Each structure stands twice: as structure tokens, then as C-alpha cells.
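A short write-up of the structure that comes next.
Residue numbers (our numbering): 30 to 211.
Written out as C-alpha cells, the structure is:
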């Protein structure tokens, strides 16, 4: 088996990290919040599906617009020679937006998977948080490899942020259930 250099993904690192992080944070928050407020499994699945596809669309076009804006700014700010060097490092906006869409959809489905196996919503939510945690650690390690930074530090950063998102969602859902919103 041929091993590929993880640094070749460097031109897409922003899109991969941002898309994965946003999809996992948002959907783990939705899942834990809705579960804590005693929402039905069907409602949880629908909320996450709506988020996955609407947010993937928004993130993809946001990536395209930000990349083309960045490119436009570089065109007026740099000499042709230095701009050409920068273009070799940054991803094509069309490809970057496609990478963002794919990463967001895949990452958005990760915490939703347990809900397709007939688990009670609380058990599925616990499994979602576990899957999300593992994914955060993996994407953190990936980021560390691509950027040449500490794998441990990178993995822990993602894990802590993911844990906070789950707790925020859970806290809001728990509060909503105590005031009769469900």
C-alpha cells in the first residue's frame, strides 16, 4: 500500500478543519440539547438532517466567497510573481468549496449514525457524543500532521471544544425541559 504525505492536504486544511469542526459541534449540540429536552428521536434526526444539508450549502458557498474574496484581495495587493507563489499554496475556490461541502456532510452524519440503529434517544445521544469525541481526536491528529504541530495539543484542542459544544447543547435542552419547552 502506498502511503501519501498528509501535508499534500495542506491547501485544504482550513476547509477540512472548519467543516469537520462546525458540523460536529453544531450537530452534537443539537443532539444533546434535543435529547436533554426529551425531544423525540424523529425530531432529533430531522433537525440534524436539516442542519447538515442547509449548513453544508452555506459553508460551501461561504468557502467559495471567502476564497475568491481572498484571491481578489491578493491580486490587488501583491506583485504577479508573489501572487503566483501564493496561488501554488492555496486551493482553487471551486475545489475548496466542494471539499467543504463533502467534509461537512460526512462529519454531520457521524453523530447522527447511532439514531439509525433503533437506540433510545438518550443512548443514541451518548453514542453520538462518543463518536464525535473520537472524530475530534482524529481530525486533531490529522491537523497536527498536516501542519507539523503537536499531535497531542491539536487533538486535545478539538476534543475540549467538542466537549464544550455537547455541554452547551445539553444545558440548553435541560433548561428548556425545566420550563416546559420540549
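Think of the CB as a built atom: it goes at the ideal place given N, C-alpha and C, for glycine as much as any other residue.
Note that the coordinates shown come from a computational prediction; the quantities given were computed from them, not determined experimentally.
Open item on the list: With a threshold of 8 Å on Cβ separation, who are the neighbours of residue 42 within its own chain once the five nearest residues in sequence on each side are excluded?
Closed with: Residue numbering aside, residue 42 sits at position 13 when the chain shown is read from its first letter. For residue 42, where only same-chain residues beyond five positions count, the Cβ hits under 8 Å are 172, 175 and 176.
Task: Delimiting residues of the alpha helix (DSSP H) encompassing residue 75 - done: Numbered from its first residue, the chain shown carries residue 75 at position 46. It spans 70-106 - the alpha helix (DSSP H) in which residue 75 sits, taken as one unbroken run.
TODO: Could you pull the start and end residues of the alpha helix (DSSP H) that residue 56 belongs to?
DONE: Here the question's residue 56 lines up with position 27 in the chain shown. It spans 42-65 - the alpha helix (DSSP H) in which residue 56 sits, taken as one unbroken run.
Task: Contacts around residue 190, its chain only, beta-carbon distance under 6 Å, and the 5 residues preceding and following it disregarded - done: As a working mapping, residue 190 is identified with position 161 in the chain shown. Shown here for residue 190: not one same chain residue has a beta carbon closer than 6 Å to its own, the five before and five after excluded.
Open item on the list: Classify residue 45: buried if its beta carbon has 16 or more other beta carbons within 10 angstroms, exposed otherwise.
Closed with: As a first step, residue 45 must be located in the chain shown, where it is residue number 16. Counting the other CB atoms within 10 Å of its CB gives residue 45 a total of 16 or more, which places it among the buried residues.
Open item on the list: Taking the alpha helix (DSSP H) that residue 143 belongs to, which residues open and close that run?
Closed with: Position 114 of the chain shown, counted from the start, is the residue given in the question as residue 143. Unbroken run through residue 143: none, as it is neither H nor E.
Task: Same chain, Cβ closer than 8 Å to residue 87, five either side skipped, listed in chain order - done: Residue numbering aside, residue 87 sits at position 58 when the chain shown is read from its first letter. In the same chain as residue 87, and ignoring 5 residues on each side of it, no C-beta atom comes closer than 8 Å to its own.
Open item on the list: By the three-class DSSP mapping on this structure, what secondary structure does residue 119 have?
Closed with: In the chain shown, counting from the first residue as 1, residue 119 sits at position 90. Residue 119 falls in the coil class under three-state DSSP.
Task: Residue range of the alpha helix (DSSP H) that includes residue 182 - done: As a position in the chain shown, residue 182 is number 153, starting the count at 1. Residues 180-207.
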